[in-house]
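Undergrad: Quick one: the structure is below, questions incoming.
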Amino acid sequence: MSAAPSTAPEPLDPPHPADVTPASEATPAPEVETAAADQSAAVGRAAAQANATDRAEPAGQTNTAAGAGTTARANTAAGAETAAHADDAAQAAGRTAGELARAAERKAAALLAPPAPTRLGDVVPAPEQVMPDAGADYLLAADAVIRVSADPAAMAVAGHLAALLRPATGYPLPVTDAATPVPSGGIALDLTGEAALGEEGYRLDITTDGVRIAAGTAAGLFHGVQTLRQLLPAAVESATPVTERWVLPGGSILDRPRYPHRGAMLDVARHFFGVTDVLRVIDDLARYKLNRLHLHLTDDQGWRIAIDSWPRLATVGGAGAVGDAPGGYYTQADYQRIVAYAADRHITVIPEIDLPGHTHAALTAYGELAPDRVAPPPYTGTEVGFSYVDPASERTYDFVADVLGEIAALTPGRWLHIGGDEAFKVPAEVYAGFVDRVQRIVAELGRDVIGWHQIAPATHAEGRILQWWGTTGEDAVTAEAVRRGARLILSPGNHAYLDMKYAPDTPIGHDWAGLIDVHRAYDWDPANHLAGAPAEAVLGVEAPLWTESVTTLAEIEFMLFPRLPAIAELGWSPRSTHDWSAFRERLATHGPRWATAGITYHRSPELPWPTTPVPAPRRPSADDVGQAPVSRLDETPVRPGTAPDRG
Ligand code: TNX
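Residue numbers for the sequence shown follow our numbering, beginning at 13 and rising by one.
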């Protein structure tokens, strides 16, 4: 990767706890790479503990994907396979006396303990059904085990859950597989295969005896894990161990998304963001059950993805950025790393190559694509609509086919986004003919095309999707394309554009589509937003973040939080749950979570932020040496020009 380094968070609002920890330290390291080692060590520890305490049920500590070797050795009584059978047998025969006694103990402890600090309904996006049970709070204990269905994708979710919980709890939380996972005092992730929960739904049951998440798919289990995370005390977001009672509120949740497409877009062209920043944004999306990351990879100011057959696109076209900021581009390996990291979080990357306009950076690299065949100098301003590749040249279509071909080969997802916005200098008929041809190229690659709604006048192509970014809710041409079969992703500029300022004094951002505070981001209904487009045509929502004025990860998160969760809720939650006054209360409880996770956010005065202090680390340990102090708020310089708006 040729990358501008990630800059440390810089406060945009007056200092608040979000500025405590540098983002890169707060994000658990991409556990894809480390889970196996962690897991096998933890499993070994738990197995040793289990043997020492003579547990009645020897199973559980045995055959994980990563730790099978270690645990088979640790479990001296039997090999992994025998132990798995013993697990099944113990379940079939009912519980042993020891086990029943422990369950009774847990129940008594839960009844005596203070209630969970979170309420079962304090989840964002709001779940479809929430059924609290005040007598069923669950206390996660140090020896809890995560039991999971023996399926690689489900086990990956269990590894993810363990990696989320281990840093703050300091518990080993070994992961073990089982034919039918049961909580037994811990957490069970059960891939039941039941169709009723759909592609992404889950059921969560919290009782004094443990937690069970059931789903028909690994994606459903993953979303259930995000809910579980939100129900634990905010300190669970700490990167170091914290003294806390890890209590979950008792009851059940049944949850499924309203729409299949719930996304965010990151513009890496106007300013370039390195791989670690993008991975962090993926984690941000995953928290709120978003399942699409649209990457705006090319624009006038920069081309950000290496294309082997046209190498100068990245090396020359990627050199600059808005305002002479450092440029950069992703190697194909970088891009694949992003795609894989997203896939592990059940997020599909949608790459966008913006055509035929917004192509100035490509022209600087290959003058042969320009209408006058002359490569222009780089552009670092923020005007739009002046550039285009020559639609009359066959070379242009070679370029499009080569670029989209390479991108398709690197992208497992079903969609290729071809942009199509603001090609002001291309006459309407020529433009429609160009889009027709590009749509055919995408179809030949076996993918479905997405374009900004400007591509509406082109011929219908099977599976095509228009991304609406207008501000009026009216557009006869788009409505007509929908009648011809196109479907819609809704990104209304005046509600979902996260590059708009929150308020007049927001230090970065635009206001051409108006100011977008949290209420405005929340206050619309995707089902009836675009006049003349039926609710069935709507695939979902997407929140774009254009980055003309956004230069660091902290600034990205400042624009995302707290508005991204508002858009996420519109995409996920049933309309029956839509209620601004309840939402603002629920969302405000996430402030301390973001603060603890080192996420910079806007302290929007519309939300009743709690005053909960950021949790202190449990004890200094060798591991903590060199960590940032937990509170250095008063030392953090305030960005000049920032108006205090802290509530
Ligand atoms: C319009 S929205 C654009 C982008 C700008 C954005 C700034 C769209 C499809 N095109 O090129 O970055 O406005 O808000």
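Note that the Cβ used here is the ideal one computed from N, Cα and C, for glycine as well. All of these numbers come straight from a predicted model, not from anything done at the bench.
Please identify the residue among R215, G232, L233 whose C-alpha is closest to the C-alpha of S264.
TA: The residue with the shortest Cα to Cα distance from S264 is R215.
Undergrad: Could you tell me whether the stretch 198-205 touches the stretch 230-242, where touching means 3 or more Cβ pairs closer than 8 Å?
TA: Touching, yes.
Undergrad: According to DSSP, is R495 helix, strand or coil?
TA: It is helical.
Undergrad: In whole angstroms, what is the alpha-carbon distance linking S616 and L502?
TA: Distance between the alpha carbons of S616 and L502 is about 24 Å.
Undergrad: Is H522 a contact residue of the ligand TNX, with contact defined as CB to any heavy atom under 6 Å?
TA: H522 Cβ: within cutoff of the ligand TNX.
Undergrad: Determine the extent of the alpha helix (DSSP H) in which L728 is found, giving its start and end residues.
TA: Any answer about residue 728 is impossible in this case: the structure gives the chain only from 13 up to 659.
Undergrad: Just to check, is the beta-carbon of W315 closer than 6 Å to a non-hydrogen atom of the ligand TNX?
TA: W315 Cβ: outside cutoff for every heavy atom of the ligand TNX.
Undergrad: Quick check: the stretch 405-412 against the stretch 458-475, are at least 3 beta-carbon pairs closer than 8 Å?
TA: Counting Cβ pairs under 8 Å, fewer than three are found: no touch.
Undergrad: Return the chain-ordered list of same chain residues with a C-beta closer than 8 Å to the C-beta of I568, the five sequence neighbours on each side being excluded.
TA: For I568, where only same-chain residues beyond five positions count, the Cβ hits under 8 Å are L278, F285, D289, V293, L557, T559, V562.
Undergrad: Just to confirm, does W464 get its C-beta within under 6 Å of one of the non-hydrogen atoms of the ligand TNX?
TA: Yes, since a heavy atom of the ligand TNX falls inside the 6 Å radius drawn around the Cβ of W464.
Undergrad: Check whether the stretch 386-400 touches the stretch 452-459, taking contact to mean three or more Cβ pairs, one atom from each stretch, closer than 8 Å.
TA: These segments do not touch.
Undergrad: Report back the beta-carbon spacing between T181 and W258 to the nearest angstrom; my notes put them in contact at under 8 Å.
TA: Right, the Cβ-Cβ distance comes to about 6 Å (below 8 Å), so this counts as a contact.
Undergrad: Counting C-beta neighbours from all protein chains within 10 Å, is the total for D646 16 or more, i.e. buried, or is it exposed?
TA: With a pLDDT of 23 at D646, under the threshold of 50, the modelled position of that residue is not reliable, and the figure given next carries that caveat. Result: exposed.
Undergrad: Quick check: what's the CA-CA separation for N506 versus L542?
TA: If I take the Cα positions, the gap works out to 13 Å.
Undergrad: For the stretch 364-373 and the stretch 435-452, state whether three or more C-beta atom pairs, one from each stretch, are separated by less than 8 Å.
TA: Segments in contact, yes.
Undergrad: By how many angstroms is the C-alpha of A515 removed from the C-alpha of A566?
TA: So the alpha carbons of these two residues sit roughly 18 Å apart.
Undergrad: How is A539 classed by DSSP in three states: helix, strand or coil?
TA: The answer is helix: DSSP assigns A539 an H, G or I state.
Undergrad: Beta carbon of A373, beta carbon of D320: below 7 Å?
TA: Contact flag unset, no.
Undergrad: Could you pull the start and end residues of the beta strand (DSSP E) that A276 belongs to?
TA: That run of the beta strand (DSSP E) goes 273-279.
Undergrad: Thinking just about the alpha-carbon of each residue, which of R224, Q238, G262 is nearest to the one in P126?
TA: Of R224, Q238, G262, the residue nearest in Cα terms is G262.
Undergrad: Please classify L201: does DSSP put it in a helix, a strand, or coil?
TA: In this structure, L201 counts as strand in the three-state DSSP scheme.
Undergrad: Compare the Cα-Cα distances from T343 to each of I528, I317, L132 and report the closest residue.
TA: T343 has its Cα closest to that of I317, out of I528, I317, L132.
Undergrad: Should the stretch 577-586 be called in touch with the stretch 220-228, which here means at least 3 C-beta pairs below 8 Å?
TA: They do not touch, by the three-pair rule.
Undergrad: Please go through the stretch 219-296 and give each complete alpha helix (DSSP H) segment of 4 or more residues, from N-terminal end onward.
TA: If we require 4 residues or more, the alpha helix (DSSP H) runs fully inside the stretch 219-296 come out as 230-243.
Undergrad: Heavy atom of the ligand TNX less than 6 Å from the Cβ of D312, yes or no?
TA: D312: no, Cβ never under 6 Å from the ligand TNX.
Undergrad: Between the C-alpha atoms of E206 and L266, what's the straight-line distance to the nearest angstrom?
TA: Looking at the two C-alpha atoms, the distance is approximately 13 Å.
Undergrad: Below 8 Å CB to CB, which residues in the same chain sit around R407 once its five sequence neighbours on both sides are set aside?
TA: The answer, listed in chain order, is E380, L381.
Undergrad: Under DSSP, the alpha helix (DSSP H) around E581 begins and ends at which residues?
TA: 575-584 is the extent of the alpha helix (DSSP H) around E581.
Undergrad: List the endpoints of the continuous beta strand (DSSP E) containing L307.
TA: 304-308 is the extent of the beta strand (DSSP E) around L307.
Undergrad: Answer yes or no: the CB of D433 versus the heavy atoms of the ligand TNX, is any distance below 6 Å?
TA: It does: the Cβ of D433 is within 6 Å (strictly closer) of some heavy atom of the ligand TNX.
Undergrad: Specify the secondary structure class of I611 as computed by DSSP and reduced to three states.
TA: I611 falls in the coil class under three-state DSSP.
Undergrad: Residues in the same chain with beta-carbon distance under 6 Å from L152, minus the five sequence neighbours each way, listed in chain order, please.
TA: So the list reads W258, once near-sequence residues are dropped.
Undergrad: Using only the alpha-carbon positions, how far apart do H273 and L302 sit?
TA: Their Cα atoms are separated by approximately 8 Å.
Undergrad: Assign R495 to one of two classes, buried (16 or more other C-beta atoms within 10 Å of its C-beta) or exposed (fewer than that).
TA: Answer is exposed; the Cβ neighbour count stays below 16.
Undergrad: Below 8 Å CB to CB, which residues in the same chain sit around W536 once its five sequence neighbours on both sides are set aside?
TA: Excluding positions up to five away in sequence, the list reads P504, H507, L582.
Undergrad: Rounded to whole angstroms, what's the CA-CA distance from V135 to A120? Just pull it up for me.
TA: Cα-Cα distance, rounded: 27 Å.
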